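First up is the structure itself, then whatever we jot down about it.
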Amino acid sequence: MHIDLPAALRERLHAIRWFALAAVSALIAGGLIAAVIARAPTQPLVWMVAFLVLVTGVAQMVLALGQGLLPEHLPSARWRAGEWWLFNLGNLGVIVGTLRTQPLCVTVGTALFIASLVAFYLGVRGGKAGLLLHAFRTVLVVVCAGACVGLALSLGGLRV
């Protein structure tokens with residue numbers, strides 16, 4: 314089935330393809346890991362599945378769609394690549410650091426992740442003020458707050 318999309322929409326969706334690929338990969342990985350550990354789940358692995366699905370998958374897709382569709386002008390390809398690396402390396406650092414109980418790794422991962430959220434915020438500059446832009450910024454704030462809480466729990470020695 315072939316759907317003809319307007320050229321401007323095709324360009325915007327093409328611009329977020331790497332975010333979409335990473336997000337869908339995280340969702341699939343989360344589902345597969347959940348299936349594998351279902352008979353003997355452990356708290357860290359269940360946390361990892363939730364993180365993969367909710368943060369690396371869903372949040373990444375929402376943020377990418379927002380940035381791809383909301384601003385008047387798309388951020389440059391270099392800007393988007395930087396966001397992608399910050400977001401995904403940050404997630405990797407948080408996951409590895411949490412599973413291996415390495416607070417420094419969690420801290421660095423969280424810092425990279427928060428830097429990516431700032432970049433996403435800046436990437437929608439010039440977007441028309443409206444409900445979708447406010448919703449996008451609300452998602453950024455909620456995700457950032459969650460990252461800060463997660464870091465505090467990790468540094469406090471609590472297992473998530």
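Heads up: the sequence shown begins at 314 in this note's numbering, then just goes up one per residue.
Virtual Cβ for every residue (Gly too), placed ideally from N, Cα, C.
Quick caveat: nothing in here was measured; it's all calculated off a predicted structure.
Taking only three categories from DSSP, how would you classify residue i?
i      : result
Ile316 : coil
Arg393 : helix
Gly470 : coil
His447 : helix
Ile341 : helix
Leu386 : The sequence as given places His at residue 386; Leu does not occur at that position. In the structure shown, His386 sits in coil (DSSP, three-state: anything other than H, G, I, E or B).
Thinking just about the alpha-carbon of each residue, which of the options is nearest to the one in residue i?
i      : options                        : result
Glu396 : Ala348, Leu376, Val409         : Leu376
Leu446 : Thr355, Phe364, Glu385         : Glu385
Val366 : Gly439, Gly470, Arg450, Ile408 : Ile408
Arg438 : Glu324, Pro357, Leu387, Gly422 : Leu387
Phe433 : Leu345, Val452, Val421         : Val452
Glu324 : Ala347, Gly344, Ala390, Val456 : Ala390
Arg393 : Val359, Phe332, Gly422, Gly403 : Phe332
Gly422 : Gly443, Ala448, Phe400, Gly440 : Phe400
Val362 : Thr411, Ala320, Ile329, Ile316 : Thr411
Leu334 : Leu464, Gly403, Leu378, Cys461 : Leu378
Ile329 : Gly436, Leu444, Gly344, Lys441 : Gly436
Asn404 : Ala460, Pro319, Ile346, Leu345 : Ala460
Ser429 : Val368, Pro319, Ala353         : Val368
Phe426 : Val456, Gly443, Pro357         : Val456
Might you give, ordered along the chain, the residues of its own chain that have their beta carbon closer than 6 angstroms to the beta carbon of residue i, omitting 5 neighbours on each side?
i      : result
Phe336 : The question names Phe, but residue 336 is Ala in the sequence shown. Here the set comprises Gly370, Gln373, Met374.
Ala424 : none
Arg450 : none
Once you ignore the five residues that flank residue i on each side, which residues in its own chain have a CB closer than 7 angstroms to its CB?
i      : result
Leu326 : Gly381
For residue i, which residues from the same chain have a beta carbon less than 8 angstroms from its beta carbon, with the 5 sequence-adjacent residues on both sides left out?
i      : result
Leu340 : Leu365, Val366, Gly370, Val371
Do the region 414 to 422 and the region 452 to 469 meet, that is, are 3 or more Cβ pairs less than 8 angstroms apart?
At 8 angstroms Cβ cutoff, the stretches touch.
In chain order, what are the residue ranges of uninterrupted alpha helix (DSSP H) at least 4 long that sit wholly in the region 347 to 377?
Entirely contained in the region 347 to 377, the alpha helix (DSSP H) runs reaching 4 residues are, in chain order, 356 to 364.
Alpha helix (DSSP H) runs contained entirely in the region 404 to 442, provided each spans 4 or more residues
Every alpha helix (DSSP H) stretch that sits fully inside the region 404 to 442 and reaches 4 residues is listed by chain position as 416 to 436.
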